[in-house]
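Following: one structure in structure tokens, then a few remarks.
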Amino acid sequence: MKVALGVCGGIAAYKAAEIVRLLQERDLRVQVIMTDSAQEFVRPLTFAALSGEKVITGMFTAEAGAEPNIDSAIEHIAVAQSIDALLVAPATADVLAKFAQGIANDFLTTLYLATTAPVILAPAMNVNMWEHPATQQNLEVLRKRGVKIVEPGSGYLACGMTGPGRLAEGEAIVAAALEAMGISQDLAGETVLITAGPTREKIDPVRYLTNRSSGRMGYALAEAASRRGARVLLVSGPTSLKPPASAEFTSVQSAVEMKDAVLHLLPEASIVIKAAAVADYTLANPPDQKMKRTGTLALDLTPTADILAEIQRCKQDQIVIGFASETENVLGNARKKLAGNHKVGGRAARARLRGWISGETQAGFFPLLEVSPPDSPSCLFRCSPV
Ligand SMILES: Cc1cc2nc3c(=O)[nH]c(=O)nc-3n(C[C@H](O)[C@H](O)[C@H](O)COP(=O)(O)O)c2cc1C
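Residue 344 in our numbering sits at position 327 of the sequence shown; the count goes up by one each step and never skips.
Right under this line is the structure:
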């Protein structure tokens, strides 16, 4: 998900750097747009370095020094269509007036008119500017239009006066943006341990057994949990994916490494989601040297540990969610696995889990056993606290 962060020309412009970081902690991509005045206070480079994205500094500026072209001419429309929210922090009295009146004479004000995403404004200004009837009237117009205003705090202001006008705290601004995007913080206080990706079982120093898991399911769950306020511990086999910035990441190779990492982290977790595709078999005694081609070959495979069963043995009151990968009778086989191996939890745990899962269905996370992912051999099942 992506947030456009508009930064306007006020003393508090530097505080937008902290807001970029807080949004990134929620695994949101941030596209910064600076007004001309904002660039008098902070250099675009600060935001480019923090966000890892090109900062938009004007309506008619393409690459530095380059002529405007068709790409830059339609960029405001492209950004408008690609964002999940427009957040402006700090919002000046000037930009409030322009938004209220529909004036579109720079990138930010044009974007405001062009986007249908939720808009969140965090004003900051001198107390007299804030209390001026013109500003209050503009705010009223914007509120009536559905724009979320994050009220400024009260206190000593940079101009030397005391009163309302100070930019709200970064956490409050980000919370308002998340709420406007429909991302609740219902996992705040939870620590979610997620496994992802395949494992590699060594055959010899240059070969291994693995499977087709991409890791995308586990990484998407990690992002979603983090956005919803959880601390995320991600244990992953080898994938080509970039771990979510906010996840505490542990990289593993084999099934036994996966098991050790999971059991080590288990006491810290309140929720465990096992989305990794762990090998069922491993080579008992892989040779130290590369095997030569000598006719037919039989590999001596032994079963790996059932990590889910180990978790069941060691866990306290964690909610544990597993996946069953099936190629036939998807729901039936997964139900059998659930009924055969794992006990169903207490009422409180079930209620907590139900609320959590149902809230996530839109993001591609499927309710337990009731629906299986379309076009996928995977099926979610559950073992929860006794
Ligand atoms: C030093 C200084 C500080 C300013 N601080 C603020 C401020 O905190 N809030 C505000 O609304 N305007 C402030 N202004 C006025 C704005 O910079 C001015 O209205 C400008 O046109 C805003 O442009 P923008 O809305 O396109 O960013 C300040 C101006 C100066 C010179």
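Glycine included, every Cβ here is placed at the ideal spot set by N, Cα and C.
Let me confirm a value: residue i is counted as buried when at least 16 other C-beta atoms fall within 10 Å, else exposed. Which label applies?
| i | result |
| --- | --- |
| ALA294 | buried |
| ILE94 | exposed |
| PHE116 | buried |
| LEU325 | buried |
| GLN335 | buried |
| GLY163 | exposed |
| TYR173 | exposed |
| ASP44 | buried |
| LYS408 | This structure cannot speak to residue 408, because the chain is shown only from 18 to 403. |
| LEU413 | The structure shown does not extend to residue 413, since the chain spans only 18 to 403, so no value can be given for it. |
| GLY312 | exposed |
| ARG248 | buried |
| LEU62 | exposed |
| ALA296 | buried |
| GLY23 | buried |
| LEU210 | buried |
| ALA365 | Residue placement at ALA365 is flagged as unreliable, the pLDDT there being 45, under the threshold of 50; the coordinate-derived value follows with that caveat. ALA365 is exposed by the Cβ-count criterion. |
| SER257 | exposed |
| LEU314 | exposed |
| GLY177 | exposed |
Would you grab the beta carbon distance between residue i and residue j for me? Rounded to a whole angstrom, and I think it's under 8 Å.
| i | j | result |
| --- | --- | --- |
| PRO107 | ALA29 | 4 Å |
| VAL252 | ALA278 | 5 Å |
| ALA239 | ALA264 | 5 Å |
| THR77 | GLY26 | Looking at the sequence shown, residue 77 is not Thr but Phe. PHE77 to GLY26, Cβ: 18 Å. No contact. |
| ALA97 | ALA55 | Not quite, the Cβ-Cβ distance comes to about 19 Å (not below 8 Å), so this is no contact. |
| LEU195 | ALA21 | Actually they are not in contact, since the Cβ atoms of LEU195 and ALA21 sit about 15 Å apart, beyond 8 Å. |
| VAL112 | THR133 | The Cβ separation is near 19 Å, so there is no contact. |
Out of the options, state which residue places its alpha-carbon closest to the alpha-carbon of residue i.
| i | options | result |
| --- | --- | --- |
| SER171 | GLU207, ARG352, GLY199, GLU186 | GLU186 |
| VAL269 | GLY232, THR216, MET51, HIS281 | THR216 |
| ALA175 | LYS332, ASN145, GLN153, LEU67 | ASN145 |
| LYS318 | GLU218, ASP53, ASP44 | Looking at the sequence shown, residue 318 is not Lys but Leu. Ranking the options by Cα distance to LEU318, first place goes to GLU218. |
| PRO222 | GLN306, GLN48, ALA292 | GLN306 |
| SER342 | GLY214, ALA55, PRO284 | GLY214 |
| SER243 | GLY232, SER231, ASP203 | ASP203 |
| THR52 | THR179, ALA33, GLY349, ILE338 | ALA33 |
| VAL105 | ALA193, ARG224, ILE211 | ALA193 |
| ALA262 | GLY69, GLN41, ALA296 | GLN41 |
| PHE340 | ASN350, VAL347, GLN329, ALA292 | ALA292 |
| ALA110 | THR256, MET142, MET234, LYS71 | MET142 |
| GLY182 | LEU195, HIS149, THR63, THR208 | HIS149 |
| VAL337 | THR127, GLY206, LEU283 | LEU283 |
| ALA205 | ALA241, GLY235, ARG224 | ALA241 |
| SER230 | GLN48, SER68, GLY254 | GLY254 |
| ARG60 | ARG46, GLY69, TYR31 | TYR31 |
| PRO140 | THR133, ASN122, THR267, PRO169 | PRO169 |
| ILE288 | LEU184, LYS19, THR212, THR126 | THR212 |
| SER271 | MET18, THR179, ASN228 | ASN228 |
| ARG224 | ARG310, LEU184, ILE290, TRP147 | ARG310 |
Provide the residue span of the beta strand (DSSP E) that contains residue i, from first to last.
| i | result |
| --- | --- |
| ARG46 | 46-51 |
| ARG217 | Premise fails: ARG217 is in no beta strand (DSSP E) and is neither H nor E. |
| ARG224 | 224-226 |
| ARG162 | Counting along the chain, ARG162 falls outside any beta strand (DSSP E), and DSSP gives it neither H nor E. |
| ILE338 | 336-342 |
| THR299 | 298-300 |
| THR311 | That residue, THR311, is in no beta strand (DSSP E); it is neither H nor E in DSSP. |
For residue i, which residues in the same chain have their Cβ closer than 7 Å to its Cβ, ignoring the five residues on either side in sequence?
| i | result |
| --- | --- |
| ALA189 | VAL167 |
| LYS276 | ALA322, ILE324, GLU327 |
| PHE124 | ILE50, ILE73, GLY75, MET76, HIS93 |
| LEU280 | GLU327, CYS331 |
| VAL158 | ALA117 |
| ILE200 | ARG244, ARG245 |
| ALA65 | LYS71, VAL72 |
| THR208 | ALA247, ARG248, LEU250, GLU285, ALA286, SER287 |
Within the continuous alpha helix (DSSP H) that includes residue i, where are the two ends?
| i | result |
| --- | --- |
| LEU62 | 61-68 |
| GLU240 | 233-244 |
| ILE290 | From DSSP, ILE290 is part of no alpha helix (DSSP H) but of the beta strand (DSSP E) over 288-291. |
| VAL144 | 144-148 |
| GLU265 | Where GLU265 is concerned, there is no enclosing alpha helix (DSSP H), although the beta strand (DSSP E) it sits in stretches over 265-268. |
| GLY187 | 187-197 |
Just to confirm my understanding: we take residue i, look at its own chain, exclude 5 residues before and 5 after, and list those with CB closer than 6 Å. What are they?
| i | result |
| --- | --- |
| MET198 | ASP101, ALA102 |
| PHE39 | Note that residue 39 is Leu in the sequence shown here, rather than Phe. Contacts found: GLY187, VAL191. |
| GLY349 | none |
| MET234 | ALA292 |
| SER68 | VAL37, VAL47, VAL49 |
| PHE266 | LEU251, PRO260 |
| LYS165 | ILE137, ALA193, ALA197 |
| MET18 | LEU45, ASP101 |
Leaving aside the five residues before and after residue i along the sequence, list all residues of the same chain whose C-beta is less than 8 Å from its C-beta, in chain order.
| i | result |
| --- | --- |
| ALA114 | ILE120, ALA151, THR152, ASN155 |
| VAL273 | THR299, THR321, ALA322 |
| ILE220 | LEU226, LEU300, PRO303, MET308, LEU316 |
| GLU35 | GLY187 |
For ligand 2, I want to know if residue i counts as a neighbour, meaning its beta carbon is within less than 7 Å of at least one of the ligand's heavy atoms.
| i | result |
| --- | --- |
| ILE36 | Summarising the ligand content, the structure contains ligand 1 and does not contain ligand 2. |
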